[in-house]
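>
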Amino acid sequence: MSEPHVSDRVLIFDTTLRDGEQSPGATLNENEKIEIARQLVRLGVDIMEAGFPIASVGDYEAVKRIAIEVGPLGQDRPYGSPVIAGLARANRADIDRAYDAVRHAPRHRIHTFLASSDIHLKHKLQISREQCVAQVRDMVAYAASLCPDVEFSPEDAGRSDPEFLFIVLRAAIEAGATTLNVPDTVGYTTPAEYGALFRAIRENVPGADKIVLSAHCHNDLGLATANTLAAIQNGVRQVEVTINGIGERAGNTSLEEVVMALHTRPNVFGVTTGIDTTQIYRTSRLVSHYTGVPIQPNKAIVGANAFAHEAGIHQDGMLKHHLTYEIMRPETVGVSQTRLVLGKHSGRHAFGKRLEELGYNLSREEAQKAFERFKDLCDKKKDVTDRDIEALIMDEVFQPPAYWHLDQLHIHSGFPGIPTATVRLTGPSGEERTEAAMGTGPVDAAYKAVDRIIGVPNRLLEFNINAITAGIDAMAEVSVRVEGEGPDGRRAVFNGHGAETDTLVAATKAYLAALNKLVAARDQAAHRAPPVEAGVGNGRTLRD
Ligand code: KIV
Ligand code: ZN
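Written as structure tokens, this is what we have:
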């Protein structure tokens, strides 16, 4: 329920690129972060936490590039361009680094944090409560001296002594914080407790009515969305969320769940957001594609089954009226319901129009490449659906700049017999290389042949395969995760993705995409690229 003295708009603070990237295995390179950030602008987020700049040179560079390239976008949105935030622990070095990265955005924020629970103070920070309050006061004041927009988070607030929490929050407000975020860092609270905590903060912290209160929940007990909604019902007007709910351990609150709950039940919540809900599905697919974190089929709002009706009674009801079993229309979140779209006889114009309807705004060159792939697909598959087109765009357009291209793949496999693969690749300077290898199966043989050509040490961690649509001619979508040496010399994980009607080609392309990222990271480390100037990217970007 909205309350009289608080606004009826909830600010959406997206932390996919910071807390979301802390998801196990979800590494994103700089270009992928830029693509996601651009899509977050289209989605309509108010604040985007672009990263933790002190964490690594790569993080700092990515936040800075987002501030420069993405910060000015979206000025024509109803609420203007997004605020770009950078995370910092409550110390000067972190705050300086965060400020230096975000200050290039027209609207920027420093988000600083210090734990307030006795567990963290005693075991992690080894400081007293008094020292904690003094540090919060000093560091929030320092951040405010650099930047007018400062957010403070008492980490592990959900398990902090509320009386002490009030003291910490009061100190932060007095020192100049403009947003107070109250994280349930370990996903411990219940909706009633978390909601009551905000009520108590508003009653006991002087100045709480002058700043924005924010909720930040983790999903360890599966309560993140419920807790965030309870917080909104108790006066919170900023929610920290991630796409697909990715994040540390069991993840963060999912953006799409909160936004659609507010959208679908206006009488219960009485608040709005600036989100363009029709961009939800695309954003979800893009984040899953780049992070390599799959979306569970029964995931609310964006899962493959979220709008599927299986039971006969349900199908019958749906045929009579969609309201019988549907509380949201799939189109509202950007899920297209068109089944048969295009085929062999569809021309460039029809294809381009369908791309537009699906929300893709591609450059001429990207559209041309996509059209060629579409025609190729029509030769192999009778009916091309929207899902096929999406997979094709992800595969053709949203790929890392390729060092190595797949030219030819021949596989011999059978029973009995020894699976053998011959692979021909074109390399970075146009050289053609062919190798053959035997393996335990056809995929293993193809990967061994690729390894012989590229010669970069790596370990295959994960291999996933999915049929995009039903039917024997369905496209296969393969995602792989490989481990290798990252830009800073440490082990890092790289994701790759391939979609083709031929499963083995999809698998080989996915592996190659992951290895291309690995090679790019090693190259980047060897000659660290000069700082990127405004508007200049070193990879392909979508036009806005
Ligand atoms: O979960 C948490 O406490 C955080 C803070 C850094 C805001 O992510
Ligand atoms: Zn968190």
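Okay, so the sequence shown: first residue is 207 according to our numbering, each after it adds one. For every residue, glycine included, the Cβ atom is placed at its ideal position computed from N, Cα and C.
1. Using 8 Å as the threshold, is the C-beta distance between A307 and V342 below it?
2. For a quick check, are the C-beta atoms of Y163 and A456 less than 8 Å apart?
3. Quickly, what does DSSP pair E706 with across the bridge? List them, please.
4. Following the continuous beta strand (DSSP E) through S420, name the residue where it begins and the one where it ends.
5. Check the C-beta distance from G549 over to Y285 and give it rounded, since I have them as a contact under 8 Å.
6. Can you tell me whether A673 is buried or exposed, with buried defined as 16 or more other CB within 10 angstroms of its CB?
7. Near P663, what residues of its chain come up, given a Cβ to Cβ distance below 8 Å and the 5 sequence neighbours on each side ignored?
8. Just verifying my parser: in three-state terms, what is the DSSP assignment at N722?
9. Considering just the uninterrupted stretch of the alpha helix (DSSP H) at Q245, what are its terminal residues?
10. If you measure between the beta carbons of A713 and A705, is that distance less than 8 Å?
11. How is the beta strand (DSSP E) around T640 delimited, first residue to last?
12. Name the residue from R570, S685, T707 whose alpha carbon lies nearest to the alpha carbon of F700.
13. Only counting runs of 4 or more residues, tell me where the alpha helix (DSSP H) segments fall wholly within the region 499-526, in order along the chain.
14. Contact between the region 468-488 and the region 525-545 is defined here as three or more beta-carbon pairs at a separation below 8 Å; is this criterion met?
15. Apart from the five residues on each side of it in sequence, which residues of its chain come closer than 7 Å, Cβ to Cβ, to F577?
16. Report the three-state DSSP secondary structure of L320 (helix, strand or coil).
17. Would the beta-carbon of F319 be found less than 7 Å away from any heavy atom of the ligand MG?
18. Check each candidate in N297, Q245, D302 and name the one with the smallest Cα separation from S287.
19. Out of A299, H495, A430, R224, which has the shortest C-alpha to C-alpha gap to V603?
20. So is A514 buried or exposed if we call it buried at 16+ other beta carbons inside 10 Å?
21. From I274 to G280, what does the alpha carbon distance come to, in whole angstroms?
22. Output the distance between the C-alpha atoms of E683 and D601, rounded to the nearest integer angstrom.
23. For R746, name the three-state secondary structure that DSSP assigns.
24. Let me check understanding here. Comparing Cα to Cα, which of N473, L234, K526, Q521 lies closest to D265?
25. Kindly provide the ranges of any alpha helix (DSSP H) runs that are 4 or more residues long and lie completely inside the region 556-607, ordered along the chain.
26. To the nearest angstrom, how far is the alpha carbon of A383 from that of V493?
Straight from the coordinates:
1. By 1-based counting over the sequence shown, the position of residue 307 is 101. By 1-based counting over the sequence shown, the position of residue 342 is 136. For A307 and V342, no; Cβs fall outside 8 Å.
2. Missing from the structure shown is residue 163; the chain here goes from 207 to 750 and no further.
3. Start at 1 with the first residue of the sequence shown, and residue 706 comes out as number 500. BP columns for E706 point to A682.
4. For the purposes of this step, residue 420 is identified with residue 214 of the sequence shown, where counting begins at 1. S420 -> beta strand (DSSP E) spans 418-423.
5. Here residue 549 is taken as the residue at index 343 of the sequence shown, counted from 1. Here residue 285 is taken as the residue at index 79 of the sequence shown, counted from 1. Taking the Cβ atoms as the reference, G549 lies roughly 42 Å from Y285, outside the contact range of under 8 Å.
6. Numbered from its first residue, the sequence shown carries residue 673 at position 467. A673 should be labelled exposed.
7. Locating residue 663 in the sequence shown gives position 457, counting from the first residue. Sequence-distant Cβ neighbours of P663 in its own chain, meaning closer than 8 Å and more than five residues away, are G690, E691.
8. Residue mapping note: residue 722 aligns to position 516 of the sequence shown, counting from 1. Of the three classes helix, strand and coil, the one that applies to N722 here is helix, per DSSP.
9. Taking the first residue of the sequence shown as 1, we reach residue 245 at position 39. Note, Q245: alpha helix (DSSP H), 236-249.
10. For the purposes of this step, residue 713 is identified with residue 507 of the sequence shown, where counting begins at 1. For the purposes of this step, residue 705 is identified with residue 499 of the sequence shown, where counting begins at 1. Cβ atoms of A713 and A705: not closer than 8 Å.
11. Looking up residue 640 in the sequence shown gives position 434. Residues 638-644.
12. As a first step, residue 700 must be located in the sequence shown, where it is residue number 494. Comparing Cα positions, the closest option is S685.
13. Runs found: 518-526.
14. Judged by Cβ distances under 8 Å, the region 468-488 makes contact with the region 525-545, as three or more pairs qualify.
15. As a working note, residue 577 is residue 371 in the sequence shown. Excluding residues within five positions, the ones whose Cβ falls inside 7 Å are R554, F557.
16. Start at 1 with the first residue of the sequence shown, and residue 320 comes out as number 114. DSSP places L320 in strand when its eight states are reduced to three.
17. The ligand MG is not among the ligands present in this structure, which contains only the ligand KIV and the ligand ZN.
18. Numbered from 1 along the sequence shown, position 81 holds the residue referred to as residue 287. In terms of Cα proximity to S287, the closest of N297, Q245, D302 is Q245.
19. Position 397 of the sequence shown, counted from the first residue, corresponds to residue 603. Ranking A299, H495, A430, R224 by Cα distance to V603 puts H495 first.
20. Mapped onto the sequence shown, residue 514 falls at position 308. A514 comes out exposed.
21. Within the sequence shown, the letter at position 68 stands for residue 274. Within the sequence shown, the letter at position 74 stands for residue 280. Whole-angstrom Cα-Cα distance: 13 Å.
22. On the sequence shown, residue 683 is found 477 positions in, with the first residue counted as 1. On the sequence shown, residue 601 is found 395 positions in, with the first residue counted as 1. If you draw a straight line from the Cα of E683 to the Cα of D601, it is about 9 Å long.
23. Along the sequence shown, one-based indexing puts residue 746 at 540. Low confidence applies to R746: its pLDDT is 25, below 50, so where it sits in the model is not reliable, and the reading given next is rough at best. Of the three classes helix, strand and coil, the one that applies to R746 here is coil, per DSSP.
24. Working through the sequence shown from its first residue, we reach residue 265 at position 59. For D265, the closest C-alpha among the options N473, L234, K526, Q521 is that of L234.
25. Runs found: 570-586, 592-602.
26. The residue you call residue 383 lines up with position 177 of the sequence shown. The residue you call residue 493 lines up with position 287 of the sequence shown. Each residue's Cα considered, the two are about 31 Å apart.
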